[in-house]
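A short worksheet on the structure shown next.
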Amino acid sequence: MGMSQTGIQGQNFGPGLTKSVEFLGSVAKRPNKPAPEIGEPGPVLLVGAPGVGKGTQADNLAKLWGVPKISTGDILRANVANGTALGVQADRIMKLGGLVPDQIMTEMVADRLDLSDTATGFILDGFPRTVRQAQWLDGYLSIQRRGAHLGVISMCMDLEQIVKRVIYRRVCPLCKTVYNAQYIPPKQVGRCDKDGSELEQRSDDSLEVFQTRLDVFKQETEPLIQYYRDHSLFIEVDADKPPTLVTRDIVAGLMGLRTLMSR
Ligand code: ADP
Ligand code: AMP
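Under the numbering used here, think of the first position of the sequence shown as 251, with each following residue one higher.
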């Protein structure tokens, strides 16, 4: 078993998962250097309840800053889709709304951070999710990244509103673009704007599994937010706004803090 309690209320997922991560995503090209007033982001973490909009913001920030988005959920889903040994075993846990063991996750992230596109910064989406994962990341940044300071963005929103974001989430199976049938609909109902594929619902976006994911968030991830509140570059943003406004608040907050720190 990994370092965290990955079982959901008494459920035991058995011995540690075998690691066979074949899909880490591709190295992102760096199309444009960020404008000087936007600056280099360094390592950034988006943390918040499932469905609060982390992936949407990570995409926006990655484009803006020309750095990769590293979504552990996306990497796991790619492994599930490709039937790797890890994918087969993680699928079981993800469908139930549990957490994949810490050790699997830290090794996966270490492999991804080894790729060359992370040199000037990266946006972490969905990792760390436990205090043990955060402790590992602290060690990694201090040893491998000469003590680079992690910018932590805590995305906050009323849980009742988040449920709607999750229930209406739709994803393109081909290009992975995320829509929301209610709030961010595609131009044609049920079809991806980019490639016309039929949009799908994630298997863990049912009300029932969402409730479990929320419980896991409260138990495992809220303590992590407290951990970061105490010792990092930390900002809270109101996620209950249109995506572009949330992005604006994140950039302003983070750049403000980094400027203060560099004085
Ligand atoms: P997370 O990565 O935190 O699970 P997502 O970024 O996938 O969340 O967003 C969850 C759902 O909410 C998606 O359907 C997405 O299109 C929608 N969404 C994201 N941000 C906003 C926003 N600011 N306003 C309305 N809907 C949003
Ligand atoms: P997400 O796409 O971030 O909503 O993640 C989907 C699922 O992947 C989660 O419910 C977990 O089962 C698993 N997962 C993603 N990231 C992690 C992580 N850092 N630690 C453990 N499990 C994770």
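Every residue gets a Cβ at the ideal spot worked out from N, C-alpha and C, and that includes glycine.
A quick note: this is a predicted structure, and the numbers were derived from the prediction, not measured.
Three or more pairs of CB atoms, one per stretch, sit closer than 8 Å, so the region 479 to 486 contacts the region 403 to 416. In this chain, I354 is not harboured by any beta strand (DSSP E); it is covered by the alpha helix (DSSP H) spanning D352 to L363. With a contact defined as Cβ atoms closer than 8 Å, T322 and M355 qualify at about 6 Å. Shown here, D375 sits in a strand according to DSSP, grouped into three states.
Boundaries of the alpha helix (DSSP H) harbouring E472: E472 to H481, taken from the DSSP string. Contact check for R498 and Q451: beta-carbon distance about 29 Å, past the 8 Å limit, so the pair fails to qualify. Exposure of N332 is indicated by the presence of fewer than 16 other C-beta atoms within 10 angstroms of its C-beta. DSSP links C406 through a beta bridge to D488. Here the alpha carbon of G376 sits roughly 31 Å from the alpha carbon of R513. For L346 and G292, the gap between their C-alpha atoms comes out near 34 Å. Within the same chain, and ignoring the five residues on either side of V381 in sequence, the residues whose Cβ sits closer than 7 Å to its Cβ are P473, L474 and Y477.
DSSP links P293 through a beta bridge to F372. Across the set S447, P378, I417 and A502, the C-alpha of I417 shows the shortest separation from the C-alpha of D455. Burial is judged here by how many other beta carbons sit within 10 angstroms of a residue's own beta carbon; R479 has fewer than 16 and is exposed.
Within the DSSP secondary-structure output, I343 pairs in no beta bridge. The nearest non-hydrogen atom of the ligand ADP is less than 6 Å from the C-beta of R419. Taking 4 residues as the shortest admissible run, the region 296 to 344 contains the following complete alpha helix (DSSP H) segments, listed from N- to C-terminal end: 304 to 315 and 322 to 331.
Inclusion of I434 in the 6 Å shell around the ligand ADP follows from its C-beta lying nearer than that to a non-hydrogen atom of the ligand. At least one heavy atom of the ligand ADP falls within 6 Å of the beta-carbon of K304. G401 sits in a strand when the DSSP states are folded into three classes. For V428, the enclosing beta strand (DSSP E) covers residues V428 to N430.
Contact annotation: L296 and A308 have beta-carbon atoms nearer than 7 Å. By the neighbour-count criterion, in which 16 or more other beta carbons inside 10 Å mark a residue as buried, T306 falls on the buried side.
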